[in-house]
Each structure stands twice: as C-alpha cells, then as structure tokens.
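Trainee: My structure is below; once you've seen it, I'll send some questions.
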Amino acid sequence: MIASVKGRKKQEINEMTIQHSIDIMQAWTHGLRIAMGYPEYAPIGNPVAFASGGRKNFAKALEIAAIVEQTGRDMVFVQFGLPIVDGPIGVSLAARATLHVNWHANVQLYLASDDSSVEILADTHRWSVGPRNVLTASALPPRNRIKRGVERAHRRWREVAERVHGVELIGSIFVPTGGSYADGVPMETLSEAA
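Each residue of the sequence shown is one higher than the last, beginning at 6 in the working numbering.
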C-alpha cells in the first residue's frame, strides 16, 4: 500500500525497487487527477498533464515550463522526496498564460465539500477542472475555510491514490532531466527494464 513507513528499517526503504517507486508515484499522481475530476481517459485536446518527479528548484521549474510550452498543456506536478514510499512532499502548477508559463510552486490542495472535486490554491487564485476539462481560475475561498478544506483534500487524495495503486497507466511518458518532451520514454519501456 501507500501508507507511510516511519516504523520500517532504513535498510528496507533503501531496497525499494524502481518498479515500486514508479507504482507509488503513479498512484499518487493518477489519484490527484481523479480527485480533481479530470477524466481518466485523454479528452479531446487533453489540456492538462499530470506529472511527478523530484523536488523542483528554479532551473527544474524552467524545464517544466518548457515542457508545458512544447505540449501546449498546463501541468499539475506532484513532487516526491526520498524515500518515495513516504508519499508526495508537494504539488506545483505550471499554467499557460498568453505569452509565458506561470509557475506556482508549492500550491495547496483544497476540497470545499465532501461532494466536490479537489481544487488547487495558488497565491492569487483557486484552480479547478472546469468545463471542457480546462483548468479554470476563480477567486480564493474565504480564509476561515482553507484549513479544513486542505485537510479534507489530502484525505480524499490519499483514499483515491490507495484505490488506484497498481493500476497500469498506458501512455505515460518519462522525460529525462534536462530533456524535452520529444526525448520522453514510454513508462512501459522503463517498467520492462526495471
């Protein structure tokens, strides 16, 4: 499962397989996609990409922005530290603007109510999957609702990630550090090699 391993021996953590790491990262990333209400299939135009990787500094954020520009898709990026089995350490958003890409580092996830979809809270806007599956900006929620909404969002995200853990995601791409989207390698190829 995806549960934390705080009680495990450090040796067990170091022996985690590459495939196990891939499975955990994909479960959390795919879980966020579902929790946000984005279709599990690629809708026409597929305007939002969901990706995962390590913590991003400014240079790495520029690489993500370049991929957003190359693909013409906004990107929700789930960040992981080591050990990966502990789960995500943050979420960032790269959103297309008219002439550039806005990088929103360390955004918060928010769930307004139990029957709504998870949204992203950046500094100035709330982002949600809107009509036609496009990320849509709106006003931030009232400050007094944010703490509870953040807790609710993380609980939902964990539940969905646990439910989809082990689901094979055909069509996922691995983009090597410093590479472009064109350099991407199908995850199926990496899984077979692992």
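From the three backbone atoms N, C-alpha and C, an ideal C-beta is built for every residue, glycine too.
1. Going by CA-CA distance only, name the one from Arg168, Ser26 and Asn149 that's closest to Pro88.
2. On a CA-only basis, which of Glu173, Ser122 and Ala71 is nearest Ala100? Give me that one, please.
3. Is Asp188 buried or exposed, if buried means 16 or more other CB atoms sit within 10 Å of its CB?
4. Suppose the cutoff is 8 Å on Cβ atoms and the five residues either side in sequence are ignored; what does the same chain contact list for Ala32 look like?
5. Tell me which same chain residues have a C-beta within less than 6 Å of the C-beta of Arg177, skipping the five on either side of it?
6. Which of helix, strand or coil does DSSP assign to Ala127?
7. So which of Val139, Ile151 and Gly154 has the shortest CA-CA distance to Arg38?
8. Following the continuous beta strand (DSSP E) through Leu114, name the residue where it begins and the one where it ends.
9. Once you ignore the five residues that flank Trp162 on each side, which residues in its own chain have a CB closer than 7 Å to its CB?
10. My output table needs one value for Ile72: the three-state DSSP class, helix, strand or coil.
11. Report yes or no: do three or more beta-carbon pairs, one from the region 58–69 and one from the region 144–164, lie closer than 8 Å?
12. Measuring CB to CB, does Leu98 end up less than 8 Å from Val83?
13. How big is the Cα-Cα spacing for Val134 and Arg150?
14. Give a yes or no on whether the C-beta atoms belonging to Phe54 and Thr76 are separated by under 8 Å.
15. Give the DSSP-derived three-state secondary structure of Pro52 in the structure shown.
Mentor: Considering the structure as presented:
1. Counting from one through the sequence shown, the residue named residue 88 turns up at place 83. Between Pro88 and the set Arg168, Ser26 and Asn149, the nearest pair of CA atoms involves Ser26.
2. The count along the sequence shown starts at 1 and reaches residue 100 at position 95. When only C-alpha atoms are compared, the closest one is Ala71.
3. Here residue 188 corresponds to residue number 183 of the sequence shown, with the count starting at 1. With fewer than 16 Cβ atoms within 10 Å of its Cβ, Asp188 is classed as exposed.
4. As a working note, residue 32 is residue 27 in the sequence shown. Around Ala32, the same chain offers Ile7, Ala166, Glu167, Val169, His170, Gly171 and Val172 as residues with beta carbons nearer than 8 Å, after the five sequence neighbours per side are excluded.
5. The residue given as residue 177 occupies position 172 in the sequence shown. Before going on, a small fix: residue 177 reads as Ser here, not Arg. Close CB contacts of Ser177 within its chain, under the 6 Å cut and outside five residues either way in sequence, are with Met192 (chain order).
6. In the sequence shown, the residue the question calls residue 127 occupies position 122. In the structure shown, Ala127 adopts coil according to DSSP, grouped into three states.
7. Looking up residue 38 in the sequence shown gives position 33. When only C-alpha atoms are compared, the closest one is Val139.
8. As a first step, residue 114 must be located in the sequence shown, where it is residue number 109. From DSSP, the beta strand (DSSP E) with Leu114 extends over Val106 to Tyr115.
9. Against the sequence shown, residue 162 aligns to sequence position 157. Same-chain partners within the cutoff: Gly36, Leu37, Ala40, Leu114 and Val123.
10. As a position in the sequence shown, residue 72 is number 67, starting the count at 1. In this structure, Ile72 counts as helix in the three-state DSSP scheme.
11. Segment contact: the region 58–69 against the region 144–164, fewer than three CB-CB distances shorter than 8 Å; contact not assigned.
12. Counting from 1 along the sequence shown, the entry for residue 98 is found at position 93. Counting from 1 along the sequence shown, the entry for residue 83 is found at position 78. If you check the CB distance, Leu98 and Val83 do not come in under 8 Å.
13. The residue labelled residue 134 in the question sits at position 129 within the sequence shown. The residue labelled residue 150 in the question sits at position 145 within the sequence shown. If you take the alpha carbons of Val134 and Arg150, they lie about 20 Å apart.
14. The residue labelled residue 54 in the question sits at position 49 within the sequence shown. The residue labelled residue 76 in the question sits at position 71 within the sequence shown. The sequence as given places Ala at residue 54; Phe does not occur at that position. Yes, these two residues count as a Cβ contact at 8 Å.
15. For this step, residue 52 is matched to residue 47 along the sequence shown. Looking at Pro52 - three-state DSSP - the assignment turns out to be coil, as it is neither helix nor strand.
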